[in-house]
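Number of protein chains: 2
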Amino acid sequence: MKQRSSIIGSVEALPHRVASHLSREIEGGDIIPGARLPTESQLADKFGVSRNVVREAIAQLRADGMIEARQGIGAFVMAPEQRTAIRIDREALKDQRNMEQLFELRSILETESATLAAARCASDDLDAIKAALDRMGGEERWEDGSIEADLLFHRAIARATGNGYIYTFISFVCEQIRQSIHYARLTNPLHDLVEVNVAEHVRIYDALAAHDPQAAGEAMRRHIDGAASRVGVELTAKINRGK
Amino acid sequence: MKQRSSIIGSVEALPHRVASHLSREIEGGDIIPGARLPTESQLADKFGVSRNVVREAIAQLRADGMIEARQGIGAFVMAPEQRTAIRIDREALKDQRNMEQLFELRSILETESATLAAARCASDDLDAIKAALDRMGGEERWEDGSIEADLLFHRAIARATGNGYIYTFISFVCEQIRQSIHYARLTNPLHDLVEVNVAEHVRIYDALAAHDPQAAGEAMRRHIDGAASRVGVELTAKINRGK
DNA sequence: CTTGCGATGTTGTAGGATGACCGTATGATC
DNA sequence: GATCATACGGTCATCCTACAACATCGCAAG
Numbered sequence: 001m002k003q004r005s006s007i008i009g010s011v012e013a014l015p016h017r018v019a020s021h022l023s024r025e026i027e028g029g030d031i032i033p034g035a036r037l038p039t040e041s042q043l044a045d046k047f048g049v050s051r052n053v054v055r056e057a058i059a060q061l062r063a064d065g066m067i068e069a070r071q072g073i074g075a076f077v078m079a080p081e082q083r084t085a086i087r088i089d090r091e092a093l094k095d096q097r098n099m100e101q102l103f104e105l106r107s108i109l110e111t112e113s114a115t116l117a118a119a120r121c122a123s124d125d126l127d128a129i130k131a132a133l134d135r136m137g138g139e140e141r142w143e144d145g146s147i148e149a150d151l152l153f154h155r156a157i158a159r160a161t162g163n164g165y166i167y168t169f170i171s172f173v174c175e176q177i178r179q180s181i182h183y184a185r186l187t188n189p190l191h192d193l194v195e196v197n198v199a200e201h202v203r204i205y206d207a208l209a210a211h212d213p214q215a216a217g218e219a220m221r222r223h224i225d226g227a228a229s230r231v232g233v234e235l236t237a238k239i240n241r242g243k
Numbered sequence: 001m002k003q004r005s006s007i008i009g010s011v012e013a014l015p016h017r018v019a020s021h022l023s024r025e026i027e028g029g030d031i032i033p034g035a036r037l038p039t040e041s042q043l044a045d046k047f048g049v050s051r052n053v054v055r056e057a058i059a060q061l062r063a064d065g066m067i068e069a070r071q072g073i074g075a076f077v078m079a080p081e082q083r084t085a086i087r088i089d090r091e092a093l094k095d096q097r098n099m100e101q102l103f104e105l106r107s108i109l110e111t112e113s114a115t116l117a118a119a120r121c122a123s124d125d126l127d128a129i130k131a132a133l134d135r136m137g138g139e140e141r142w143e144d145g146s147i148e149a150d151l152l153f154h155r156a157i158a159r160a161t162g163n164g165y166i167y168t169f170i171s172f173v174c175e176q177i178r179q180s181i182h183y184a185r186l187t188n189p190l191h192d193l194v195e196v197n198v199a200e201h202v203r204i205y206d207a208l209a210a211h212d213p214q215a216a217g218e219a220m221r222r223h224i225d226g227a228a229s230r231v232g233v234e235l236t237a238k239i240n241r242g243k
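Read top to bottom, the protein sequences are chains P and R.
All residue numbers for the first sequence refer to the UniProt record's numbering, where the first residue is 1 and numbers rise by one.
All residue numbers for the second sequence refer to the UniProt record's numbering, where the first residue is 1 and numbers rise by one.
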């Protein structure tokens, strides 16, 4: 079959490209909430793809609650508040300010996570956290393994809160940050900073093991601040949070 | 065209039903991460739908990072940690314990949101918050309008933090809770409780207007606790959070 | 004026055809 | 016998056409 003339040449799949394009148009305000999208056929012509591809793209956006399609009428843009999913634009994180804000959110979640975990964690929770910590301090300080153990550590704490939503949200935010960092600079030895990083984790673990919520929370907050500065993000806007 | 024999009779669209079914199978552990899904044709036969429908369902799951399709090989289940989107199962919120956990997460986010907002909010931010408050206390205390103004109030505070991610996360969590409540019990007069609710909001606003972070945070925490108990959810596991 | 019905447009679903890509088996070459 | 090129079947990616389900509008009959 002859190849249609595509909009852009890329490795990404067509539905994803169409979805991204529509998503940006909606996010950017080109199409206001409540407005109707062009028909599937029109979109197919516009992007130079088949109607089938357009439908798959719309299926993705519809799953997020970004648009709503009604049979016989058309597809409509929905208000951004009633999304059924949270999605973070990886591109936006290249902006230092956005990364800073995401770190601030992470700080909030993780600080409280550590606080709750200190009060609730059982012995097996502590074992899991300790295991992750050992992996970090162990021989596999090389790039990937270390980062993986780092995430494992934080997830283990989140799990120790006993709150599945906290676990989900923290996992998500951390993963977004990790991938964004990993993408920005692939090589990151800096062994002296690794030592600092491990030391911060040890302090968190000690507070958790002592079941001291306040100490755990503060250790975690300092750690996130440190982690942020280590990747070049300064949480300048530090407020005198209720401490 | 003759109607195929569908799995279940429902008003939901076919792709969504297939996606939900697959999602539950993955979430439930029936298909472990890394495993390969049946081919599109097999799934089409299994669900009694066309391959087109299966592809739309997979498109949704793929957008969430739940599965990954590789041309020429098949579709594979991915680890739950590397999802690219957060989605909350509305069904699961019917379980009191899950609702309780979601409220706890909301408490964390909103408390810190109020704290930050108190330190950062500008006069126009306060105006927006005040406007929402007036709408709540105003004449439209009837069901929907009141709840809408309530959400508007909380969103205005989140916006005043200047952190877009905090706004997104809080909007999302609040919306999930609202829809779940709205679904559970459609009628909710209880006018005396409405007065209490408004009073709590006033206290939050006063703290924000006074730019008192600690007072704002505590007022918000008390409000969320109160809101939870008003819908029958007790945040029993209250910890001595770093006060 | 109201009501019913057809025309038209839109999304939803079915089904088949072809291209692109992957893994493996087969067979030729050294 | 070992190695490498090629053929083949399986699978996803995309395209196309056709029809069903639903909504809206206009027009004609009552």
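Where is the CB? At the ideal position from N, CA and C, for every residue including glycine.
Since we're looking at a predicted model, the values are computed, not measured.
>> Can you list, in chain order, the residues of its chain with a C-beta nearer than 6 Å to that of Arg90(R)? Leave out the 5 residues immediately preceding and following it.
In response: none
> Going by the beta-carbon positions, is the gap between Ala219(P) and Ala207(P) smaller than 8 Å?
Replying inline: yes
> Quick check: the stretch 54-64 of chain P against the stretch 24-44 of chain P, are there 3 or more CB pairs under 8 Å?
Replying inline: yes
> How many Å lie between Arg24(R) and Ala119(R) at the Cα?
Replying inline: If you take the alpha carbons of Arg24(R) and Ala119(R), they lie about 43 Å apart.
>> Assuming Ala85(P) and Ile86(R) are in contact, meaning their beta carbons sit under 8 Å apart, how far apart are those beta carbons, in whole angstroms?
In response: 6 Å
> How far does the alpha helix (DSSP H) with Ile88(R) in it reach, from first residue to last?
Replying inline: It is not in any alpha helix (DSSP H) - Ile88(R) carries neither H nor E in the DSSP assignment.
> Are the C-beta atoms of Ser171(P) and some chain R residue less than 8 Å apart?
Replying inline: yes
> Is it true that the CB of Met66(P) sits closer than 8 Å to the CB of Arg83(P)?
Replying inline: yes
>> If I follow the unbroken beta strand (DSSP E) through Gly28(R), where does it start and stop?
In response: Premise fails: Gly28(R) is in no beta strand (DSSP E) and is neither H nor E.
>> What does DSSP give as the partner residue(s) for Glu68(P) in the beta ladder?
In response: Phe76(P)
>> Can you look up Arg36(R) in the DSSP assignment and give me helix, strand or coil?
In response: strand
> With DSSP run on the structure shown, which of helix, strand or coil describes Ala122(P)?
Replying inline: In the structure shown, the three-state DSSP call for Ala122(P) is coil.
> Exposed or buried, what is Ala114(R) when buried is set at 16 or more other beta-carbons lying within 10 Å of its beta-carbon?
Replying inline: buried
> Quick one: Cα of Ala63(R) to Cα of Ala13(P), how far?
Replying inline: 12 Å
>> Quick check on the DSSP output: the alpha helix (DSSP H) that includes Leu235(P) runs from which residue to which?
In response: Neither: Leu235(P) is in no alpha helix (DSSP H) and is coded neither H nor E.
> Nearest-angstrom Cα distance between Val231(P) and Gln214(P)?
Replying inline: 26 Å
> Listing by chain order, which chain P residues have their CB less than 7 Å from the CB of Ile166(R)?
Replying inline: The answer, in chain order, is Leu105.
>> Between Leu37(P), Asp30(P), His16(P) and Ile108(P), which has its C-alpha nearest Gly217(R)'s C-alpha?
In response: Comparing Cα-Cα distances from Gly217(R) to each of Leu37(P), Asp30(P), His16(P) and Ile108(P), the minimum goes to Ile108(P).
>> Looking at chain P, is there any beta carbon in it that lies within less than 8 Å of the beta carbon of Ala85(R)?
In response: yes
> Closer than 8 Å, Cβ to any Cβ of chain R: which residues of the stretch 107-118 of chain P, in chain order?
Replying inline: Ile108, Leu109, Glu112, Thr115 and Leu116
>> Can you find the residues in the same chain that come closer than 6 Å, C-beta to C-beta, to Arg70(P), ignoring five residues on each side of it along the sequence?
In response: none
> What whole-angstrom Cβ distance do Val202(R) and Leu133(R) have, given they're in contact under 8 Å?
Replying inline: Confirmed, Cβ separation roughly 7 Å.
> What residues from chain P crowd round Lys101(R), counting only those whose CB sits closer than 7 Å?
Replying inline: Per the sequence shown, the amino acid found at residue 101(R) is Gln instead of Lys. Residues of chain P passing the Cβ test: Asn163, Gly164 and Tyr165.
> Where does Leu186(R) fall in DSSP's three states?
Replying inline: Its pLDDT being 48, under 50, Leu186(R) is placed unreliably by the model, and nothing is read from it.
> Are the C-beta atoms of Asn52(P) and some chain R residue less than 8 Å apart?
Replying inline: yes
>> At the 8 Å Cβ level, is Gln60(R) part of the contact set with chain P, yes or no?
In response: yes
>> I'd like to know whether the C-beta atoms of Phe76(P) and Gly137(P) end up nearer to each other than 8 Å.
In response: no
> By the 10 Å Cβ neighbour count, where 16 or more other Cβ atoms means buried, how is residue 246(P) classified, buried or exposed?
Replying inline: The question about residue 246(P) has no answer, for chain P in this structure spans 1 to 243.
> Beta carbon of Leu105(P), beta carbon of Ile157(R): below 8 Å?
Replying inline: no
> Listing by chain order, which chain R residues have their CB less than 8 Å from the CB of Gln96(P)?
Replying inline: Those within 8 Å of Gln96(P) in chain R number zero; the least Cβ separation is about 14 Å.
> For chain R, is any of its Cβ atoms less than 8 Å away from the one on Ala131(P)?
Replying inline: no
> Quick one: Cα of Asp212(P) to Cα of Leu126(P), how far?
Replying inline: 13 Å
>> I need the boundaries of the alpha helix (DSSP H) containing Glu56(R), first residue and last residue.
In response: Arg51 to Ala63
> If you measure from the beta carbon of Ala210(P) to each beta carbon in chain R, is any gap under 8 Å?
Replying inline: no
> Is Gly137(P) helix, strand or coil when you go by DSSP?
Replying inline: DSSP, reduced to helix, strand and coil, places Gly137(P) within a helical segment of the structure shown.
> Thinking just about the alpha-carbon of each residue, which of Met78(R), Ala160(R) and Phe153(R) is nearest to the one in Cys174(R)?
Replying inline: Phe153(R)
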